[in-house]
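First residue of the sequence shown: -18, per the working numbering; consecutive thereafter.
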Amino acid sequence: MSNQNYLHRNQTDAKMREVSLPRLLLLTLRRWRSMLVVGLVLAVLLAGMKVVREYRNRGVSNTAHEEYLAAMEIYNTSVESYTTAIERFQTKIDAKQKYFNESLLMQIDPHNECASTVTMVVRTPGLEQADQKTPEAGDTQSAAVVNASNVVHAYTDYIMNGISYDEIAASLGVTEQSVRELVLVSADQFHFSSEFKIQARSMNMDTSKQIMDHILEELDRNRTAFAGSLGQYEISQVSRSEESVVDTILLQQQTELQNSIATLQRNLQTSQTSLKELIKPTEATGASTKTIIKHGIKYGVVGMAGGIFLMILLYAVRILLKGRILTDDELTLAYGVRNLLTFPAGKGRKEKRFPVDRLVESLINDSPDMSVAEACDVLIAKAEAFTGASSQNKNIMLTGTIGEGRLNSFASTLSKRAKESGSPLSFSAAPGIDRNASAVRSLRNADACIVVEEIGGSVYREASQEVELILASGTPLLGTVYL
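Set out below in structure tokens:
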């Protein structure tokens, strides 16, 4: 690659590295041994502390038991109080809500109330002369005026409480009380009066007229009976009207009922919440051996999980701070360098490996499952193809940050496999060319270079510096290899 391309790849607008969280977490699993050790330590500590504490608290004093009984009495009293309050509030809410839903009066639109209104006047003997007479100081009302007022109050009481509205209620499918609420009778309550007003209210004018006609029929039918007890009088209808009116008093009644229901619901919710928040006292009884062991196991599991999680977090942060290479395509994306081969997960390592190690490496590295020898043969064949080697011997220099011993061993293995297969290629190791003067000078004698790194082990910044140095030197860079 030319120097111009090298400078182009190192401009300030180069893409930043992207970190794969699943890959990062998988890389932390390589340290499963230390995770297991820390998890076991925390498990033993937490389980031991729990067991020791419960063994110490097995004996309960009489004072603690008395305190428990006193607390239980308070608790039971509170539960009973809240339960009674909840039942009382619920009963009131149900009753008021039922009334609001079923009452004809509450269903009327107070801004469009259909009202049938009749004004009645009562006349008794001598009433006209009493009205024309000028009262003198100390005089009381005449007997005629008093009699007229008595008739008015008698009729008012009869209309409100004596008339039966069963037939109308049955036709409307409601109770008689619901119909009776629609009737209003008004007279002067503080002075003698010979006039009173009857009003029948409803959601529609036909019902209002029906109720008013029924009232007038009942008054005519019982007029003789009233005369027997009230004396002589005349009652006549002065006026009658059917119209839609605005009833501010009804509006106030409906609003007060709705507010009352809302207040009861808030009180009910408060009582229910308070009941739920009550904490039943627990008697401090000594735990059995079986229970203590069970609690110890539970705390041990929590400690194990906490220790493993803590180590995963620690190693993840460490990998990020170190800037480790997470995938085998990071240098490819940054510098356009091809990845020649990613060796099978962890194969070829000299240290003792357990099945867990092989499982972890297989999760981290998704390369084909092949032996080290097969992988070396594939790498040699690719190097031959990219260098154009036929019968002419060519030296391929291996460099990287994986360590001198490991790099020399890898170069020796490749040279041996190349010789056995009759390949004209030879491989030499020059670790750390960005920090080793002799390694940099060996670039002159190399026909091509291969950068060897380790996923999760090599530092991206150091590997990228080696790649940049090789690209700047003009020595062909065949690609990268990950062990």
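Positions of the beta carbon are idealized from the N, C-alpha and C atoms, including for glycine.
Cβ pair residue i, residue j closer than 7 Å
i	j	result
residue 398	residue 430	no
residue 87	residue 177	no
residue 418	residue 380	no
residue 440	residue 321	no
residue 98	residue 180	yes
residue 164	residue 133	no
residue 35	residue 273	yes
residue 464	residue 287	no
residue 105	residue 135	no
residue 70	residue 245	yes
residue 424	residue 382	no
residue 146	residue 157	yes
residue 317	residue 8	no
residue 222	residue 66	no
residue 137	residue 168	yes
residue 280	residue 27	yes
residue 144	residue 215	no
Separation of residue j from residue i, as counted between CA atoms
i	j	result
residue 408	residue 314	26 Å
residue 220	residue 160	23 Å
residue 113	residue 203	Confidence is the limiting factor: at residue 113 the pLDDT is only 48, short of 50, which leaves the residue's position unreliable, though a coordinate-based value still follows. Approximately 31 Å between the Cα atoms of the pair.
residue 369	residue 460	15 Å
residue 432	residue 292	31 Å
residue 243	residue 32	52 Å
residue 217	residue 184	28 Å
residue 255	residue 285	38 Å
residue 90	residue 53	53 Å
residue 120	residue 131	The pLDDT assigned to residue 120 is 44, lower than 50, so where the model puts this residue is not dependable; a value taken from the coordinates is nonetheless given after this. Cα to Cα, the separation comes out at about 19 Å.
residue 294	residue 406	45 Å
residue 211	residue 73	43 Å
residue 228	residue 235	11 Å
residue 306	residue 378	22 Å
residue 231	residue 166	15 Å
residue 76	residue 282	55 Å
residue 393	residue 276	57 Å
residue 51	residue 247	31 Å
residue 355	residue 395	11 Å
When the options are compared against residue i, the one with the closest alpha-carbon
i	options	result
residue 309	319, 303, 147, 300	319
residue 96	186, 135, 311	186
residue 155	434, 284, 188, 60	188
residue 420	253, 450, 394, 259	450
residue 311	57, 377, 445	445
residue 60	261, 281, 316	261
residue 14	164, 289, 224	289
residue 454	437, 415, 438	415
residue 258	19, 11, 56	56
residue 278	30, 152, 247	30
residue 153	84, 377, 299, 375	84
residue 46	137, 139, 157, 264	264
residue 375	76, 428, 402, 93	428
residue 384	413, 373, 394	413
residue 197	323, 250, 67, 141	141
residue 237	280, 51, 78	78
residue 175	270, 390, 127, 367	127
residue 37	139, 270, 390	270
Beta-bridge partners of residue i, as assigned by DSSP
i	result
residue 375	406
residue 431	379, 460
residue 322	462
residue 99	179, 221
residue 94	226
residue 165	180
residue 467	In the structure as shown, the chain begins at -18 and stops at 464. Residue 467 is therefore absent and cannot be evaluated.
residue 305	440
Residue i at chain B interface by Cβ criterion, 7 Å
i	result
residue 384	Judged by its chain identifiers, the structure shown contains no chain B, having just a single protein chain.
7 Å CB neighbourhood of residue i in its chain, flanking five on each side removed
i	result
residue 404	361, 365
residue 240	none
residue 149	160, 191, 192, 195
residue 207	135
residue 402	358, 361
Residues near residue i by beta carbon distance below 8 Å, same chain, minus five either side
i	result
residue 442	304
residue 12	292, 296
residue 62	none
residue -5	Interpretation of residue -5 is limited by its pLDDT of 42, a score under 50 that renders its predicted location unreliable; the figure taken from the coordinates is listed afterwards. Excluding residues within five positions, the ones whose Cβ falls inside 8 Å are 315.
residue 458	-18, 318, 429, 430, 431, 432, 448, 451, 452
residue 21	285, 288
Residues near residue i in its chain [Cβ-Cβ closer than 6 Å; skip 5 each side]
i	result
residue 94	182, 226, 228
residue 19	288, 292
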